[in-house]
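K.L.:
Residue numbers (our numbering), protein chains in the order written: chain A, 46 to 248; chain B, 46 to 248.
1) Beta carbons nearer than 7 angstroms to chain D: which residues of the region 59–70 of chain A have them?
2) Put residue 240/B into one of helix, strand or coil per three-state DSSP.
3) Starting from residue 231/A, find everything on chain B with Cβ-Cβ shorter than 9 angstroms and list it in chain order.
4) Give a yes or no on whether 9 angstroms exceeds the smallest Cβ distance from residue 268/B to chain A.
5) Classify residue 211/A as helix, strand or coil using the three-state DSSP reduction.
6) Would you decide whether residue 131/B is buried or exposed? Buried here means 16 or more other CB atoms lie within 10 Å of its CB.
7) On a CA-only basis, which of 52/A, 175/A and 134/A is nearest residue 157/A? Give me that one, please.
8) Starting from the Cα of residue 214/B, find the closest Cα among 47/B, 48/B and 55/B and give me that residue.
9) Identify the continuous beta strand (DSSP E) that holds residue 84/A and give its terminal residues.
10) Flag residue 209/B as yes if its beta-carbon sits less than 9 angstroms from any beta-carbon of chain A, otherwise no.
11) Around the C-beta of residue 72/A, are 16 or more other C-beta atoms found within 10 angstroms, so that it is buried, or is it exposed?
12) Suppose only complete runs of 4+ residues qualify. What are the alpha helix (DSSP H) ranges in the region 126–155 of chain B, listed by chain order?
13) Short of 6 angstroms in beta carbon distance, which residues of its chain neighbour residue 165/A, apart from the five on each side in sequence? Order them along the chain.
14) In or out: residue 245/A buried (at least 16 other Cβ within 10 Å) or exposed?
15) Got a sec, what are the start and stop residues for the alpha helix (DSSP H) residue 62/B sits in?
16) Hey, does residue 213/A have any beta-carbon neighbour from chain B nearer than 9 angstroms?
17) Under a Cβ-count criterion, where at least 16 other Cβ atoms within 10 Å of its own Cβ denotes burial, should residue 107/A be classed as buried or exposed?
18) Just the C-alpha distance for residue 152/B and residue 206/B, rounded to the nearest angstrom, thanks.
19) How many Å lie between residue 137/A and residue 83/A at the Cα?
20) So residue 216/B contacts chain A; which residues on that side make the cut at Cβ distance below 8 angstroms?
21) So, for residue 88/A: in the same chain, excluding its five sequence neighbours on each side, which residues have a beta-carbon less than 6 angstroms away from its beta-carbon?
22) Does the beta carbon of residue 234/A sit closer than 9 angstroms to a beta carbon anywhere in chain B?
23) Buried or exposed: where does residue 180/A fall if 16 or more other Cβ atoms within 10 Å of its Cβ makes it buried?
24) Can you check whether the CB of residue 50/A is closer than 9 angstroms to the CB of residue 143/A?
25) Which chain A residues are close to residue 226/B, counting only those with a beta carbon under 7 angstroms from its beta carbon?
26) Residue 48/A and residue 232/A: beta carbons closer than 9 angstroms?
27) Whose C-beta lies closer than 8 angstroms to the C-beta of residue 173/A among residues of the same chain, with five residues either side of it excluded?
28) By DSSP, does residue 224/B sit in helix, in strand, or in coil?
29) Suppose you measure from the CA of residue 202/A to the CA of residue 141/B; what does that come to, to the nearest Å?
30) Once DSSP output is grouped into helix, strand and coil, what is the label at residue 121/B?
31) For residue 247/A, tell me which candidate among 242/B, 227/B and 197/B has the shortest Cα-Cα distance.
32) Give every residue of the same chain whose Cβ lies closer than 7 angstroms to the Cβ of residue 159/B, excluding the five residues on either side of it in the sequence, and list them in chain order.
33) Go ahead and label residue 154/B buried or exposed: buried means 16 or more other beta carbons lie within 10 angstroms of its beta carbon, across all protein chains shown.
34) Excluding the 5 residues flanking residue 66/A on each side, which residues of the same chain have their C-beta closer than 7 angstroms to its C-beta?
35) With a threshold of 16 other CB atoms inside 10 Å of the CB of residue 177/A, please say whether the residue is buried or exposed.
And the structure:
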């Protein structure tokens, strides 16, 4: 049986697209919008808010200030979304093999007695800028480099806040790949190869 | 043509043995004792000293103090060994595909216009302790955990001193693998698979 594959990725590294291709190639579910749908039901929050707050601190920085001051007394909307996401991720991972991108899934599943393959996808800034420009087109009045740096910071802060660990520590991953030097398809191939071998060893 | 494969590794992660197996499987040179032999000729220092000082600071901590104080005036033996090693690594890498373990080879080759595949092998402390005990037997009066931590620190210091970068930053590697969770053979298989694909793409 294939493992549950968690993919942590730097913004602009192509991790989302790599995860989608891996799921397609192994013919296992790719959990993305399904998580948002289920979290909306669980938490009662709008899908748009969940998409925005599901793994970035972004505009919710004010919530972080609130929660730092009063975390003892109540849960912030972001806390509630995190907990609902956690529940949905655990439920899905226990059902069987799937690919989950981001959302601290590596951390959430670490003690869940689920056979996991934790993947990190990264790339250098130049490759990421190229990728963001290709994907979103030439964005006027936006400094792409600054946008990437901001997104990285938001994800790091989110991860740090909910896991008390540093994002992107290589020791947290079974395999880390540079999608800039290797290319997307090579990353897909290597992770699928690894998942195949793991499933043979478990058979 | 296969790339030049550099392997950085945590002490006790099996990186040396993995590198040896990769070289054997791809039928390309594995550079280890050959480097020491050539550096001995280049630098005039004894092989034993080169083996000891070739990538660890170990007992040479005093040299670091000396070189910090007087780096403007003369080269320490360790500096001379580093420079001789650098020369030998560059010469060999320019000759053709090979596997080089440690010795800041990833950093040394970064601008050498050599097609490189930079690999990091790591593992958690428990796996590393088991491996060191298996390899060196039950060492009496030695705290293996402390020995591993000390070796890590020495390599980090050496790398930091000569490259001005942090050792083990995932962004410096094309692929990072956890030999503890994946096992040695899986690491060998994945790196060979990657080298094969790279050679096909370059053909």
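C-beta atoms are modelled at their ideal positions from N, C-alpha and C, and glycine is treated no differently.
P.N.:
Answer, in terms of the structure:
1) The chain inventory of the structure shown lacks chain D, comprising the protein chains A and B.
2) helix
3) 239, 242, 243 and 246
4) Lying outside 46 to 248, the shown extent of chain B, residue 268/B is not represented and no answer is given.
5) coil
6) Buried, by the Cβ-count rule.
7) 134/A
8) Cα-wise, what sits closest to residue 214/B is 55/B.
9) Segment 78–88 is the alpha helix (DSSP H) holding residue 84/A; no beta strand (DSSP E) there.
10) No - not a single Cβ of chain A is within 9 angstroms of the one on residue 209/B.
11) exposed
12) 150–153
13) Spatial neighbours of residue 165/A in its own chain (CB-CB distance under 6 angstroms, excluding positions within 5 residues in sequence) are listed in chain order as 53, 218 and 221.
14) That one is exposed.
15) 60–71
16) yes
17) For residue 107/A, the pLDDT reaches just 46, beneath the cut-off of 50, and the residue's location in the model is therefore unreliable, leaving the point undetermined.
18) Each residue's Cα considered, the two are about 12 angstroms apart.
19) 11 angstroms
20) Ordered by position in chain A, the residues that pass the 8 angstroms Cβ test against residue 216/B are 167, 169 and 223.
21) Closer than 6 angstroms at Cβ, skipping near neighbours: 125, 126 and 129.
22) yes
23) Under a 10 Å Cβ-count criterion, residue 180/A is classified as exposed, with fewer than 16 other Cβ atoms of the shown protein chains found around its own Cβ.
24) yes
25) 219
26) no
27) 55, 56, 57, 58, 193 and 225
28) If DSSP states are grouped into helix, strand and coil, residue 224/B belongs with the helices.
29) 44 angstroms
30) coil
31) 227/B
32) 49, 138 and 139
33) buried
34) 233
35) buried
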